[in-house]
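Heads up: the protein sequence lines correspond to chains A and B, in order.
In terms of our numbering, the first sequence opens at residue 1 and continues consecutively.
In terms of our numbering, the second sequence opens at residue 1001 and continues consecutively.
Quick reminder that beta carbons are idealized off the backbone N, C-alpha and C, glycines included.
Only a predicted model underlies this, so the values are computations on that prediction, with no experimental measurement involved.
One structure is given here, and the rest of the page talks about it.
2 protein chains.
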Amino acid sequence: MKQVDQLLHARWIVTVNEHNDLFEYHTLVVDQSKIIDILPTELAKQSYRAHQVDDLGEQLLMPGLINAHTHLAMNLLRGFADDLPLMEWLEQQIWPAEGRWVDEQFVADGSELAMAELIRSGTTCFNDMYFFPEITAQVAQKAGLRASIGLMMIDFPTAWGSGPEEYLQKGLALQQKYQDHPLIRTAFAPHATYTVSDVPLLQLKQAAQQHNSAIHIHLHETAGEIALHEKQHGCRPLARLDKLGMLNANLQAVHMTQLSDEEIQQLADNGVQVIHCPESNLKLASGFAPIARLLAAGVNVALGTDGAASNNDLDLFAEMRTAALLAKGVAGDASVVPTTTALRMATINGAKALGIADQTGSLEVGKAADVIAIDLNTIETQPLYDPVSQLVYASSRNQITHLWVAGKQLLKERQLTTLDETQIIKKAQLWQKKIGGQ
Amino acid sequence: MKQVDQLLHARWIVTVNEHNDLFEYHTLVVDQSKIIDILPTELAKQSYRAHQVDDLGEQLLMPGLINAHTHLAMNLLRGFADDLPLMEWLEQQIWPAEGRWVDEQFVADGSELAMAELIRSGTTCFNDMYFFPEITAQVAQKAGLRASIGLMMIDFPTAWGSGPEEYLQKGLALQQKYQDHPLIRTAFAPHATYTVSDVPLLQLKQAAQQHNSAIHIHLHETAGEIALHEKQHGCRPLARLDKLGMLNANLQAVHMTQLSDEEIQQLADNGVQVIHCPESNLKLASGFAPIARLLAAGVNVALGTDGAASNNDLDLFAEMRTAALLAKGVAGDASVVPTTTALRMATINGAKALGIADQTGSLEVGKAADVIAIDLNTIETQPLYDPVSQLVYASSRNQITHLWVAGKQLLKERQLTTLDETQIIKKAQLWQKKIGGQ
């Protein structure tokens, strides 16, 4: 009998490994924050003794979801301005509100609200882009989530700094601070090609090369953005990034609703990561990302919710469903993005996009125990012919019962263990009164 | 002090009346199954004494949702066959499975499972189309839901009958049985123009005129269906129904993904009801219904989930959200189907489509107390700038706490009061073993 930290017995284990193995009546064995074995429960009971044994009965275990594009602090602007096109929404509503309200406290409170929502909806890892990233990183540590914290870059001054020079300094300092952190890493995060000039882009490129960091950028979000960029720079955004030598596997290209066949091939050839945010793209009428064509070309496609001001939730379960449904509608082919593909987009593909597929994104021996448990024994997910179908098409976030990151439990019987739900709601209501003027 | 049956005090009352009135700190006064007053809570406490007083605190009251297109019994085939195009899905999976398994018990158990799901997701009224409608009607009575029961018609024999002649007989008998029922009504339900010949269509037209009943039909679901119909009949399905004199306000045209400008105008001119099932259309890659154009032309558009075999849930909250998001993407205009329109599509427009807008679909004096209560005081729906935005874009079915139909409570603190959840799940699992062969 080997002594380990934890045994998780479950009816179903959805691994999302290379073979999409689905195990029945198996046990996940966790020691020192990692998965060290997955084996039949009967065998596990004979082989391991654990400090903590959780018998999850009929529940299902699967890798925690990875939300590959967020602006967490914007949770405080959820429902603040709806039903407007991207540029009007940004220029007339969001940017003025951010100009007036965004500070360290806004980012702290908004990010905490968002992380509570992430945990309650089965997300173990997020990839954020916002001002005051040092605050978001602190809150992530408190929450216990795995995170890639975007180091914002934009041409104009904001509450966070006077401009590119200061953003770069602050970003590099944060990069250094977290370079050896077990859960938190950083990525350089130029806002978009229409808001960041060549000089800061090249500086970030160099910094990313030096530190083997990712670059996280909004790209080809709308036809309007591309037209504007063509006016400003005489070429499409992707062509400019190519000229600057930035197309590689460390580039996380978010949105990508406007793509020619040649551009799709270019993304595939360079191993660029595409992050798809279907609900935000729909809500802002930004266009339809050609997901079936991207996948067919061999591009890695991950999923993000975008910020809660344009979604308006951080529910990656729902996003996975929307991604599977919308891809079929757009392709005119009901067989594209089947359930296993949708599930991979929300898990292992996110880990690949963030450069952490060796650590998370699937339940496999040697990876961190980033795990969620789901109760499918409800009216809404019965009968159960195929657990993966239920996960993608029928279940919802409230069926998630437990969540662990690197073996640490952050949700237990739907209760947050690291964050104070009541306090978080109170703070959100105070911001609502301030910002909403009521 | 007037004595009444029930007072419901709530922070918010979303009426969905003609002016989309939103009341704060108001009370819904219910007597003899109807809403008799809506007034400020302070005033209500001075004016009414009630047998039952529910103080819902910070919760929100709104009309129950109306699911205008279902195949309830198909809940037993949820997740049985995914990721296939409509005709392959129907001909190779669904029809053979139905041929083998559908009988009275299948319809009873499947419909009960579905009604439990409807109630738990805030739906007070549904519009069904399936075999053995007499069974569905019985289960609806047991559940306490408001329903329009479709009297199926199809050219070929099924477990329910030998063909059109018998379907018509059985349908007329059921029509008569329920003609004076307070909650249950019937509609004639020819499956589709490619599966029902002129003779039975004309018989149903006559019967519908005679009884002032609705006709509920799948129409223009896919481009393939239209091509097939053109081959069979030399015209598009809508043109054939026009020739047969069936285009009027009693016609409920479900799906309508393929429509020319002239056809949209024809629908508007004839007051035809369009029932939009966005998630089913996406999942089967059937095409995009031109919702913004239909609404602009003045067509009444209601929402349905379709059956759980092509969705795979009956969550009209999620369907409302998908409808709002998808319409923007399809129109390329983020301002179409704003929150209030989406909410109307899921409530009052459904009542109009079913011909019962005088009884339900909004919270107004004189209408039945078909009401749901929702808790928006959660991590996922804070801060709260605009309750309707939270309802459409951020909340989910599990936030529904209570549900009443004609004043009778069917859900109380998320517990079913008329149906047995545990028994229903057990029965679904038995069917899963039989049908899934495990």
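According to DSSP, simplified to helix, strand and coil, what is residue i?
i	result
Q179(A)	coil
A406(A)	coil
A1228(B)	Contrary to the premise, residue 1228(B) reads as Leu rather than Ala in this sequence. If DSSP states are grouped into helix, strand and coil, L1228(B) belongs with the helices.
Y48(A)	strand
M1256(B)	coil
E279(A)	helix
P445(A)	The question about residue 445(A) has no answer here: the residues shown for chain A are numbered 1 through 438.
M1062(B)	strand
M246(A)	coil
Y25(A)	strand
N1377(B)	coil
W12(A)	strand
T1041(B)	helix
L419(A)	coil
V299(A)	coil
H71(A)	coil
H19(A)	coil
A327(A)	helix
K1170(B)	helix
M1(A)	coil
A309(A)	helix
L1314(B)	coil
L1391(B)	helix
K1433(B)	helix
Hey, residue i and residue j: beta-carbon distance below 7 angstroms or not?
i	j	result
C1277(B)	H1071(B)	no
V1371(B)	L1061(B)	yes
L244(A)	V274(A)	no
I1348(B)	I1374(B)	no
A1292(B)	D83(A)	no
R11(A)	E42(A)	no
L1316(B)	N1067(B)	yes
E1263(B)	L1238(B)	yes
E1225(B)	Y1194(B)	yes
A1147(B)	F1126(B)	yes
L1090(B)	P1133(B)	no
I1135(B)	A1108(B)	yes
M1001(B)	R1049(B)	yes
A302(A)	G350(A)	yes
V392(A)	T339(A)	yes
L1145(B)	A1189(B)	no
W160(A)	I435(A)	no
N1075(B)	A1308(B)	yes
V1337(B)	F1288(B)	no
Which one of the options has the shortest CA to CA distance from residue i?
i	options	result
V1199(B)	Q1423(B), G1163(B) and T1186(B)	G1163(B)
S1280(B)	H233(A), Q265(A), L294(A) and K328(A)	K328(A)
A1137(B)	E1104(B), Q1399(B) and F1156(B)	E1104(B)
K1034(B)	A1368(B), Q1003(B) and E1225(B)	A1368(B)
D1261(B)	P1290(B), V1272(B) and N1270(B)	P1290(B)
R321(A)	V301(A), T257(A), Q390(A) and G332(A)	Q390(A)
T257(A)	Q415(A), L228(A) and E221(A)	E221(A)
A1297(B)	R1120(B), V1272(B), F1288(B) and T1378(B)	V1272(B)
N212(A)	G355(A), A81(A), G171(A) and L259(A)	G355(A)
V30(A)	M87(A), V14(A), Y130(A) and Q3(A)	Q3(A)
L56(A)	L410(A), L411(A) and H402(A)	H402(A)
R1185(B)	G1366(B), E1166(B), A1208(B) and H1191(B)	A1208(B)
L1086(B)	A1285(B), T1417(B), W1404(B) and L1416(B)	A1285(B)
Hey, would you say the C-beta of residue i is under 6 angstroms away from at least one heavy atom of the ligand MG?
i	result
N1311(B)	Looking for the ligand MG in the displayed structure turns up nothing, as the structure carries no ligands at all.
Per the contact definition of three or more C-beta pairs closer than 8 angstroms, is the region 1358-1372 of chain B in contact with the region 1312-1321 of chain B? For the pair of segments examined, the region 1312-1321 of chain B was found not to touch the region 1358-1372 of chain B: the number of CB pairs separated by less than 8 angstroms stays below three.
Along the chain, which unbroken stretches of the beta strand (DSSP E) at least 3 residues long are found entirely within the region 1089-1151 of chain B? Contiguous beta strand (DSSP E) elements confined to the region 1089-1151 of chain B occur at 1123-1130, taking only those with 3 or more residues.
With contact counted as at least three CB pairs below 8 angstroms, one residue from each stretch, are the region 378-386 of chain A and the region 1423-1432 of chain B in contact? A contact exists between the region 378-386 of chain A and the region 1423-1432 of chain B.
On the three-pair Cβ rule with 8 angstroms, is the region 1246-1255 of chain B touching the region 1200-1218 of chain B? A contact is defined here as three or more CB-CB pairs under 8 angstroms, and the region 1246-1255 of chain B meets this definition with respect to the region 1200-1218 of chain B.
Contained alpha helix (DSSP H) runs [length at least 4] in the region 1330-1360 of chain B, N- to C-terminal order: Complete alpha helix (DSSP H) runs here, min 4: 1339-1346 and 1348-1353.
For the 8 angstroms Cβ check, are there 3 or more pairs between the region 1091-1108 of chain B and the region 1019-1037 of chain B? Counting Cβ pairs under 8 angstroms, fewer than three are found: no touch.
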